[in-house]
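Asks: Residue numbers (the numbering used here): 78 to 434. Heads up, the beta-carbon is just placed ideally off N, CA and C, and yes, glycines get one too. Dropping the structure in here first, questions after.
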Amino acid sequence: MLRPGDTIGILGGGQLARMLCLAAAPLGLRCHVYAPEADGPAFDVCAERTVAAYDDEAALGRFAASVGVVTYEFENVPAETAAFLSARVPVRPDPAALARTQDRFVEKSFLRDLGLEVPGFEKVDSLAELESAVARLGRPAVLKTRRFGYDGKGQAMIREGTDPADAWAAVGKHPSILEAFVPFVREVSVVAARSLDGTVAEFDLCENMHRDHILAETIVPAAVRPETATAALAAAEKIAVALGYVGVLAVEMFIVEDGAGERVLINEIAPRVHNSGHWTIEGARTSQFAQHIRAVAGWPLGSPERLGRIRMLNLVGRDADAWPEIAADPRAHLHLYGKGEPRRGRKMGHVTHVDKD
Ligand code: AMP
Numbered sequence: 078m079l080r081p082g083d084t085i086g087i088l089g090g091g092q093l094a095r096m097l098c099l100a101a102a103p104l105g106l107r108c109h110v111y112a113p114e115a116d117g118p119a120f121d122v123c124a125e126r127t128v129a130a131y132d133d134e135a136a137l138g139r140f141a142a143s144v145g146v147v148t149y150e151f152e153n154v155p156a157e158t159a160a161f162l163s164a165r166v167p168v169r170p171d172p173a174a175l176a177r178t179q180d181r182f183v184e185k186s187f188l189r190d191l192g193l194e195v196p197g198f199e200k201v202d203s204l205a206e207l208e209s210a211v212a213r214l215g216r217p218a219v220l221k222t223r224r225f226g227y228d229g230k231g232q233a234m235i236r237e238g239t240d241p242a243d244a245w246a247a248v249g250k251h252p253s254i255l256e257a258f259v260p261f262v263r264e265v266s267v268v269a270a271r272s273l274d275g276t277v278a279e280f281d282l283c284e285n286m287h288r289d290h291i292l293a294e295t296i297v298p299a300a301v302r303p304e305t306a307t308a309a310l311a312a313a314e315k316i317a318v319a320l321g322y323v324g325v326l327a328v329e330m331f332i333v334e335d336g337a338g339e340r341v342l343i344n345e346i347a348p349r350v351h352n353s354g355h356w357t358i359e360g361a362r363t364s365q366f367a368q369h370i371r372a373v374a375g376w377p378l379g380s381p382e383r384l385g386r387i388r389m390l391n392l393v394g395r396d397a398d399a400w401p402e403i404a405a406d407p408r409a410h411l412h413l414y415g416k417g418e419p420r421r422g423r424k425m426g427h428v429t430h431v432d433k434d
């Protein structure tokens with residue numbers, strides 16, 4: 078168990094790392110941020126910094142020696158980096174969880190083997206395999222690269238009339254999976270924490286709206302039946318337990334409606350704090366960032382109790398230009414990540430509204 082004054086190492090210097098640092102401070106814990114880019118938003122608020130590549134073993138060695146535990150803000154931490162660090166210092170969540178979630182085929186197979194419902198999927202390593210997968214799964218279907226996809230990058234829809242060769246070229250002919258298109262009525266997520274002693278605490282089910290594949294808005298609680306929310310939370314807990322997970326993870330899901338009612342299909346696991354959990358900073362008794370810090374430090378979790386009805390809006394690109402008006406609304410909780418250029422599609426900040434239930 079880390080003690081006040083101890084240091085947590087964080088791989089990645091983006092807004093998630095920034096909010097982790099901000100959550101560690103009130104607990105008396107320091108953060109050492111390690112990232113290859115010198116201008117990461119986390120560098121404004123951390124106690125120690127290393128700007129170095131993820132394969133710089135000298136820098137990684139010094140980093141490991143300076144911290145009591147290492148965690149990360151993104152799932153694409155190279156396996157070699159995670160292995161190098163975990164030989165020297167506890168890495169939480171365990172790098173095995175990364176290995177399970179970095180590759181969509183491995184991830185979907187893991188979920189299916191757990192008995193959870195996932196969209197139909199097939200492994201695709203060539204155009205010929207894509208053509209036969211389309212024949213089996215039907216159209217529409219979504220082709221996704223197995224690795225390094227996020228916010229809809231590395232994806233191509235195969236509709237009636239789409240030439241599979243065009244979709245195959247669109248994903249760069251990288252190893253991929255083809256997924257049956259899910260006619261979902263809502264997208265939801267569960268943000269859950271699991272402590273070192275195995276206690277699980279879950280926030281209420283989040284409902285997410287995307288624009289251009291980027292999260293635009295989260296509403297909590299999600300407008301689903303109580304038994305659907307219970308099933309979604311149970312699925313996330315099952316995943317956290319099966320991974321032996323320590324820290325916060327998010328599970329993104331689709332809700333489909335059929336004659337029998339609502340069904341939950343798992344889309345993907347994010348082994349980290351998640352954008353759909355940003356509302357917890359003001360909207361829950363303990364934020365997802367504080368939960369993650371507590372978990373990786375070996376501390377007990379706080380209460381995930383929700384404090385009201387939640388609406389969280391992402392400020393993407395030029396949305397952030399509205400900061401003066403948002404700042405003038407005394408009930409709006411404005412967060413700006415300290416990024417420079419409001420480039421198109423770049424997450425610049427978010428704003429949370431918490432209303433009495
Ligand atoms: P992903 O990168 O897998 O989270 O996908 C990004 C977004 O694409 C999701 O949030 C959905 O809106 C959409 N999407 C992904 N997979 C499917 C699918 N199998 N069926 C329908 N929509 C999907």
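Thinking just about the alpha-carbon of each residue, which of 197, 313, 171, 271 is nearest to the one in residue 260?
Replies: Nearest C-alpha to residue 260: 197.
Asks: Taking 6 Å as the cut-off, is the beta-carbon of residue 258 closer than that to any non-hydrogen atom of the ligand AMP?
Replies: Result yes, Cβ under 6 Å from the ligand AMP.
Asks: Which residue comes first and which comes last in the beta strand (DSSP E) that contains residue 225?
Replies: Unbroken run through residue 225: none, as it is neither H nor E.
Asks: Go ahead and pull the three-state DSSP assignment for residue 96.
Replies: Here residue 96 sits in helix by DSSP.
Asks: Which residue spans inside the stretch 308 to 367 form an unbroken beta strand (DSSP E) run of at least 3?
Replies: Here the runs fully enclosed are 324 to 335, 338 to 347.
Asks: Hey, would you say residue 128 sits closer than 7 Å to residue 99, going by beta carbons?
Replies: In this structure, residue 99 does not lie closer than 7 Å to residue 128 by Cβ.
Asks: Please name the residue, chosen from 158, 84, 136, 430, that lies closest to residue 297 on a Cα-to-Cα basis.
Replies: The residue with the shortest Cα to Cα distance from residue 297 is 430.
Asks: Classify residue 380: buried if its beta carbon has 16 or more other beta carbons within 10 angstroms, exposed otherwise.
Replies: Classification for residue 380: exposed.
Asks: Look at the alpha carbon of residue 131 and the alpha carbon of residue 369, and state the distance between them as a whole number of angstroms.
Replies: Looking at the two C-alpha atoms, the distance is approximately 22 Å.
Asks: Leaving out five residues on either side along the sequence, give the residues of the same chain with a beta carbon under 8 Å from the beta carbon of residue 279.
Replies: Closer than 8 Å at the Cβ level, and outside the excluded window around residue 279, lie 267, 268, 269, 270, 310, 313, 314, 381.
Asks: Would you tell me roughly how many angstroms separate the C-alpha atoms of residue 407 and residue 428, rounded to the nearest one?
Replies: Using only the alpha carbons, I get a separation of about 12 Å.
Asks: Could you tell me the distance, in whole angstroms, from the CA atom of residue 400 to the CA atom of residue 301?
Replies: The straight-line gap from Cα to Cα measures roughly 32 Å.
Asks: Relative to the C-alpha of residue 207, which residue among 299, 240, 103, 322 is closest?
Replies: When only C-alpha atoms are compared, the closest one is 240.
Asks: Below 8 Å, can you find three or more Cβ-Cβ pairs linking the stretch 354 to 367 to the stretch 184 to 204?
Replies: In short, these stretches do not touch, since the Cβ pair count stays below three.
Asks: Per the contact definition of three or more C-beta pairs closer than 8 Å, is the stretch 248 to 257 in contact with the stretch 214 to 224?
Replies: Because the criterion of three Cβ pairs below 8 Å is met, the stretch 214 to 224 and the stretch 248 to 257 touch.
Asks: In chain order, what residues of the same chain have a beta carbon less than 6 Å from the beta carbon of residue 272, not counting five sequence neighbours either side?
Replies: Taken in chain order, the residues that qualify are 372, 378.
Asks: In its own chain, which residues sit with a C-beta less than 7 Å from the C-beta of residue 409, not counting the 5 before and 5 after it?
Replies: Result list for residue 409: 403, 428, 430, in chain order.
Asks: Any idea what DSSP makes of residue 243, helix, strand or coil?
Replies: Correct three-state label for residue 243: helix.
Asks: Using only alpha-carbon positions, find the residue among 375, 434, 421 that is nearest to residue 104.
Replies: If we check each option's Cα against that of residue 104, 375 comes out closest.
Asks: Alpha carbon to alpha carbon, how far is residue 209 from residue 396? Give it in angstroms, no decimals.
Replies: Roughly 43 Å separates the two Cα atoms.
Asks: Would the beta-carbon of residue 345 be found less than 6 Å away from any heavy atom of the ligand AMP?
Replies: Correct: residue 345 has its Cβ closer than 6 Å to the ligand AMP.
Asks: For the stretch 139 to 159 against the stretch 168 to 179, are there 3 or more C-beta pairs whose distance is under 8 Å?
Replies: The stretch 139 to 159 is in contact with the stretch 168 to 179.
Asks: Tell me whether residue 287, by its Cβ, gets closer than 6 Å to a heavy atom of the ligand AMP.
Replies: Correct: residue 287 has its Cβ closer than 6 Å to the ligand AMP.
Asks: Between the Cα of residue 354 and those of 398, 319, 340, 299, spot the shortest distance and give me the residue it belongs to.
Replies: Measuring from the Cα of residue 354, the nearest candidate turns out to be 299.
Asks: Using the DSSP secondary-structure output, state which residues sit across from residue 256 in a beta bridge.
Replies: Residue 256 is bridged to 198, 219.
Asks: How about residue 277 and residue 317: are their beta carbons less than 7 Å apart?
Replies: Yes, they are a contact pair.
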